[in-house]
Structures are given as structure tokens and as C-alpha cells.
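**Student:** If you scroll down you'll find the structure; I have some questions about it.
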Amino acid sequence: MSSTPPVPRLPLSERLRRAGIAAWSIIGLLIVLAIAGWALFKISVIFPPLVLALLIIYLLNPIVTRLEQRRVPRLWGTLLAYVVVTGIVTLIVIAVTPLVVNQAEQFSEDWPEFKEQMVVSIDELVVSVEDRIGVDIDTTDLHCLLDVQVETTNQARCDEVIERFREQLVGSAERVTELGSSVLHIVLIFVLAPLLALYLLIDLPDLQRDVLNLIPESHRAEVADVASKVGRTVGGFFRGQLLVALTVGVMSTLGFLLIDLKFALVIGGIAGFTNLIPLVGPFIGGGLGVIVGTITDNVGTGLKAALVAVIVQQIDNHVISPNIMKRTVQLHPVTVMLSLLAGGTLAGFWGVLLGVPAVAVIKLLLGHLWSSRVLHGSPTPATEPIVGEIPPADDLTEKPTPSNT
Numbered sequence: 080m081s082s083t084p085p086v087p088r089l090p091l092s093e094r095l096r097r098a099g100i101a102a103w104s105i106i107g108l109l110i111v112l113a114i115a116g117w118a119l120f121k122i123s124v125i126f127p128p129l130v131l132a133l134l135i136i137y138l139l140n141p142i143v144t145r146l147e148q149r150r151v152p153r154l155w156g157t158l159l160a161y162v163v164v165t166g167i168v169t170l171i172v173i174a175v176t177p178l179v180v181n182q183a184e185q186f187s188e189d190w191p192e193f194k195e196q197m198v199v200s201i202d203e204l205v206v207s208v209e210d211r212i213g214v215d216i217d218t219t220d221l222h223c224l225l226d227v228q229v230e231t232t233n234q235a236r237c238d239e240v241i242e243r244f245r246e247q248l249v250g251s252a253e254r255v256t257e258l259g260s261s262v263l264h265i266v267l268i269f270v271l272a273p274l275l276a277l278y279l280l281i282d283l284p285d286l287q288r289d290v291l292n293l294i295p296e297s298h299r300a301e302v303a304d305v306a307s308k309v310g311r312t313v314g315g316f317f318r319g320q321l322l323v324a325l326t327v328g329v330m331s332t333l334g335f336l337l338i339d340l341k342f343a344l345v346i347g348g349i350a351g352f353t354n355l356i357p358l359v360g361p362f363i364g365g366g367l368g369v370i371v372g373t374i375t376d377n378v379g380t381g382l383k384a385a386l387v388a389v390i391v392q393q394i395d396n397h398v399i400s401p402n403i404m405k406r407t408v409q410l411h412p413v414t415v416m417l418s419l420l421a422g423g424t425l426a427g428f429w430g431v432l433l434g435v436p437a438v439a440v441i442k443l444l445l446g447h448l449w450s451s452r453v454l455h456g457s458p459t460p461a462t463e464p465i466v467g468e469i470p471p472a473d474d475l476t477e478k479p480t481p482s483n484t
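Mind the numbering: the sequence shown is residues 80 to 484 in my numbering, read in order.
If you want it as C-alpha cells, here you go:
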């Protein structure tokens, strides 16, 4: 039995040379990443409309692709999808606007009574807290700002509070320009994003083909497969979240109407919109319903609103979401919560919106690299084609036109 000869040890100079190359490579990579991060920060203004455009693409691309499969030119299919979706949204707005206006007028009429009831409820809560913990809580400033007179109200104190509040508003006058700029920025985002999405949707197959052709042919099939999985994860997440939010909003509104909750349409709409935030959002709409029901009517109505919110969330958690969101984001609830916290800290609203799919994509990429590079196994390909995803590599590469000779 022959023994394997030992691997010859490299000379010290060669080992030092390789260590130096590795060290300088790491330093160079960190410098490149730092410069890239600085550059991205400087042009961060382009990200909100671009992100919103990508969301529109993920929502509409399946429709455009199906129309293209039915021999509708992609240009006309994209325009048709825009017209249909815009028409549906317009009809919904036209149908809902009178109801919202009616509830807004009702809120304006009920505001004097509403604020008095709110103050009474807060005072009762404060008394209960004071009795439990033995600490005095002064609510005089709240009475003054809401212009609600009680027995203990001191007019001189109220004048002082209002004057201080007015001074704070005057001191914040410099922020009016910033607020106007922010509003203009938001308007530009919602104007530019659909235009960006329109152009990208029309040219999406060509863009996918051009990007994939930049990849070496030996890795092209692997990149196409990973891109297909990423498209399935991100697209499925956003389409599913939108459908879940719409369903939760409708169910919450109907439930609040059944218990005769004031401003049921507005609160139900808020419940549906905030449901776009996983785990955290459902408590916002339900909590608002409890507060409004308790203040405008009584504790019983608040408890009924809480029961409606719990029933809707149970239906969502056990029936709707498992069927709509399956095969998209496979993350543990703790990971989802940490993703929301990290995303909100880093990028505010956009971080909360994109934190979960971003972590899901990172998990997918790391899993692929571990399977293919560390375990040296063949990665699991997509089990079925998904409409609107990147086609296989063979369909995206430019094939030479056969000659007639």
C-alpha cells in the first residue's frame, strides 16, 4: 500500500506574496464598496420612483406576457394593461369618493362632540392610571389645545399653552419650504414611476436578453435560473401582499359596517393599507377601530371593533395568506420582524416595504451559493414556468440567423 506523498510547502516569500495579494484585494474591494455606497447615496433621489416602477412592472408584467402569448404585440399589450388597470382604479375612486366625502363631512359635524368624548375617555384613563401607580398626570395642556373647558381649566394657563404652541409653529415656519419640496418630490415620484414602468415593460424582454448576454455562456443558464427564482419570490410577494391587503380592507369595512362603527369605510381602508406591513400592520387598523368605537360610542362598540379585527386577521392568517403567499417568501416570523426593524431604520417607509422581500432574496442567493459552491450539488431549478419571469437562457440568447447557403 503506497502512501500519498506530502504536499510540498511553499517558500516563505511565496506565502507572503499571496497573503499580500489577498490583503490588498480585500482592501480594494472595501474601497470599491465604499465608493459605490457614497455614489448611491448621492443619487438616492432616483430610487423611490425606480422602486415604485419595479412594483408596477411586477404587477403588470404577467398580464402583458399573457397578452403577448396570445399574439398581442407587447407595445399594445402594455398600453392595454395600463388602460384597464387605470380604468379599474378610476372606477373604484369614483365609487368610493362620495362615501369618503360623506364620512368626512360627518366627522366635521361630530368633531366638537368627538373631542369632548375623547377628553373624557382620556381623563378616565388617566384617573385609573393614577389610582394604580400613584402618580399625578396633568392633562391641562391637552384640554387647552383641544379647547375643551372643564372645571379645573385655568384660562391664563390655557393662554400660555396656546401662545407657546403658536411660537413653536412660527419657529417651524422654515420647514414649510421643506414640506413643499417633499410634497413636490412625492408628486414627481407618482408621475415618473408609471412612465418608467411603461418604457421598461415595453422593452423588458430585450433588456433581459441584453443583460443575460453579458454573462459568460458557461454561467448563463445558472444566472437565468436564479433570476427566475428571484422574480418568483419578489413578484409573488408584492402581488400577494396587494391582494391580501385588498381582501383585508374589504372584510374589515364590512365588519365595521355591521357593528355600526362610525367612519367604517375610512378605518377599513386604513386597515387594508396598513396590512401591507407584515405582522405589524394588522394591529394599526384594528387599534384605530377600537379607539374610535370606544370614544364615539362606548366600550362595547370598541370591543366589537376589536372582535372584527381579530376575526378578519384569523381568516387572513389561516385561510387567505397561506394560499396566496405560498411558494413566495419562506421566512420565519422572527426574521420578518427583524427585517422590518432593520429596513425601517435604514430606509424608513421604503425599508419597511422592501425589507422582507430583500431578506428573502438574500436568503435565496445564499442558499444557492451554499448548495452550488460549498456542497457542490446541482441547484434545484424552478419547477414550473412563471408568467412574467425571466425565460430560460436558451430563449434569451441571441441565436445566429441561419444562412440560405
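Glycine included, each C-beta is placed from N, C-alpha and C at the ideal position.
Hey, would you say Gly315 sits closer than 8 angstroms to Ala350, going by beta carbons?
**Tutor:** No, Cβ-Cβ distance for Gly315 and Ala350 is not below 8 angstroms.
**Student:** Whole angstroms is fine: what's the gap from Glu463's alpha carbon to Lys308's?
**Tutor:** Caution is warranted here: a pLDDT of 40 is assigned to Glu463, below 50, making its placement in the model unreliable, and the coordinate value is therefore given only provisionally. The straight-line gap from Cα to Cα measures roughly 11 angstroms.
**Student:** Measure the beta-carbon distance from Ala343 to Phe335 and round it to whole angstroms, keeping in mind my assumption that it falls under 8 angstroms.
**Tutor:** Rounded, the Cβ-Cβ distance is 4 angstroms, consistent with contact.
**Student:** Tell me, to the nearest whole angstrom, how far the beta carbon of Ile346 is from that of Leu367; I am working on the premise that it is less than 8 angstroms.
**Tutor:** With a Cβ gap of about 6 angstroms, Ile346 and Leu367 count as contacting.
**Student:** Please name the residue in Asn377, Ala113, Pro152, Asp304 whose C-alpha comes closest to that of Gln287.
**Tutor:** Considering only alpha carbons, the answer is Asp304.
**Student:** Assign Leu170 to buried or exposed, taking buried as 16 or more other Cβ atoms, counted over all protein chains shown, within 10 Å of its Cβ.
**Tutor:** So Leu170 ends up on the exposed side.
**Student:** Answer yes or no: does any C-beta atom of chain B fall closer than 8 angstroms to that of Gln182?
**Tutor:** The structure shown has no chain B; it contains just one protein chain.
**Student:** Find out if the Cβ-Cβ distance for the pair Thr157, Val143 is shorter than 8 angstroms.
**Tutor:** Contact: yes.
**Student:** In three-state DSSP terms, what is Leu95?
**Tutor:** Helix.
**Student:** Could you tell me if Tyr278 is buried or exposed, where buried requires 16 or more neighbouring beta carbons within 10 angstroms of its beta carbon?
**Tutor:** With fewer than 16 Cβ atoms within 10 Å of its Cβ, Tyr278 is classed as exposed.
**Student:** Using a Cβ-Cβ cutoff of less than 7 angstroms, which residues in the same chain neighbour Ala272 once the five nearest sequence positions on both sides are dropped?
**Tutor:** Pro128, Leu131, Ala132, Ile135, listed in sequence order.
**Student:** If you compare alpha carbons, which of Gly319, Ala384, Arg299 is closest to Leu340?
**Tutor:** When only C-alpha atoms are compared, the closest one is Ala384.
**Student:** Below 8 angstroms on the Cβ atoms is my guess for Gly434 versus Leu419; work out the distance and round it to an integer in Å.
**Tutor:** Right, their Cβ atoms sit about 5 angstroms apart.
**Student:** Sort Ala437, Leu204, Gly99, Ile106 by Cα distance to Phe317 and report the nearest one.
**Tutor:** For the residues Ala437, Leu204, Gly99, Ile106, the minimum Cα distance to Phe317 belongs to Ala437.
**Student:** If you draw a straight line from the C-alpha of Leu119 to the C-alpha of Ile363, how long is it?
**Tutor:** Rounded to the nearest angstrom, the two C-alpha atoms are 33 angstroms apart.
**Student:** Straight-line CA distance for Phe126 to Thr373?
**Tutor:** Cα to Cα, Phe126 sits roughly 41 angstroms from Thr373.
**Student:** Determine whether the beta carbon atoms of Leu293 and Gln320 lie at a separation below 8 angstroms.
**Tutor:** Not closer than 8 angstroms, so no.
**Student:** From what residue to what residue does the alpha helix (DSSP H) around Asp289 run?
**Tutor:** Counting along the chain, the alpha helix (DSSP H) containing Asp289 begins and ends at 283–292.
**Student:** How would you call Gly379, buried or exposed, if buried means at least 16 neighbouring beta carbons within 10 angstroms?
**Tutor:** Counting Cβ neighbours within 10 Å, Gly379 comes out exposed, since fewer than 16 surround it.
**Student:** Going along the chain, which unbroken runs of the beta strand (DSSP E) with 3 or more residues stay wholly within the region 139–221?
**Tutor:** List check, beta strand (DSSP E) in window: nothing returned.
**Student:** Would you kindly report the start and end of the unbroken alpha helix (DSSP H) that includes Pro436?
**Tutor:** Segment 412–448, the alpha helix (DSSP H) holding Pro436.
**Student:** Does Ala101 pass the burial test, meaning 16 or more other C-beta atoms within 10 Å, or should it be called exposed?
**Tutor:** Per the 10 Å Cβ criterion, exposed.
**Student:** Would the beta-carbon of Asn140 fall within 8 angstroms of that of Leu283?
**Tutor:** Result yes, Cβ atoms of Asn140 and Leu283 sit closer than 8 angstroms.
**Student:** Nearest CA to the CA of Leu280: which residue from Glu203, Gln392, Pro152?
**Tutor:** For Leu280, the nearest C-alpha among the options comes from Pro152.
**Student:** By the three-class DSSP mapping on this structure, what secondary structure does Arg88 have?
**Tutor:** If DSSP states are grouped into helix, strand and coil, Arg88 belongs with coil.
**Student:** Would you call Gln392 buried or exposed, if buried means 16 or more other Cβ atoms sit within 10 Å of its Cβ?
**Tutor:** Per the 10 Å Cβ criterion, buried.
**Student:** Would you report the Cα separation of Asp210 and Val199, rounded to the nearest angstrom?
**Tutor:** Computed Cα separation, rounded: 17 angstroms.
**Student:** At the level of alpha carbons, what is the spacing between Ile338 and Lys442?
**Tutor:** Near 44 angstroms, if we compare the C-alpha coordinates of Lys442 and Ile338.
**Student:** Roughly how many angstroms lie between the CA atoms of Met416 and Leu91, to the nearest whole one?
**Tutor:** Rounded to whole angstroms, Met416 to Leu91 spans 50 angstroms at the Cα level.
**Student:** So Ala439 and Thr312 are supposed to be a Cβ contact under 8 angstroms. How far apart are they, rounded?
**Tutor:** Sure, about 5 angstroms apart at Cβ, within 8 angstroms.
**Student:** Can you give me the Cβ contacts of Leu275 inside the same chain, cut-off strictly under 7 angstroms, excluding the 5 residues immediately before and after it?
**Tutor:** Taken in chain order, the residues that qualify are Pro128, Leu129, Ala132.
**Student:** Return the Cβ separation of Gln196 and Thr375 in integer angstroms, given the expectation that the two are a contact with Cβ distance under 8 angstroms.
**Tutor:** Rounded, the Cβ-Cβ distance is 7 angstroms, consistent with contact.
**Student:** Where Gln409 and His447 are concerned, what is the direct C-alpha to C-alpha distance, given to the nearest angstrom?
**Tutor:** Looking at the two C-alpha atoms, the distance is approximately 15 angstroms.
**Student:** Who are the near neighbours of Ala98 in its chain, counting only those whose CB is closer than 8 angstroms to its CB and skipping five residues on each side?
**Tutor:** For Ala98, where only same-chain residues beyond five positions count, there are no Cβ hits under 8 angstroms.
**Student:** Figure out for me which residue from Val172, Phe193, Gln148, Ile105 has the closest Cα to the Cα of Val371.
**Tutor:** Checked all of Val172, Phe193, Gln148, Ile105; the closest Cα to Val371 is Phe193.
**Student:** Quick check on DSSP: helix, strand or coil for Asn396?
**Tutor:** Of the three classes helix, strand and coil, the one that applies to Asn396 here is helix, per DSSP.
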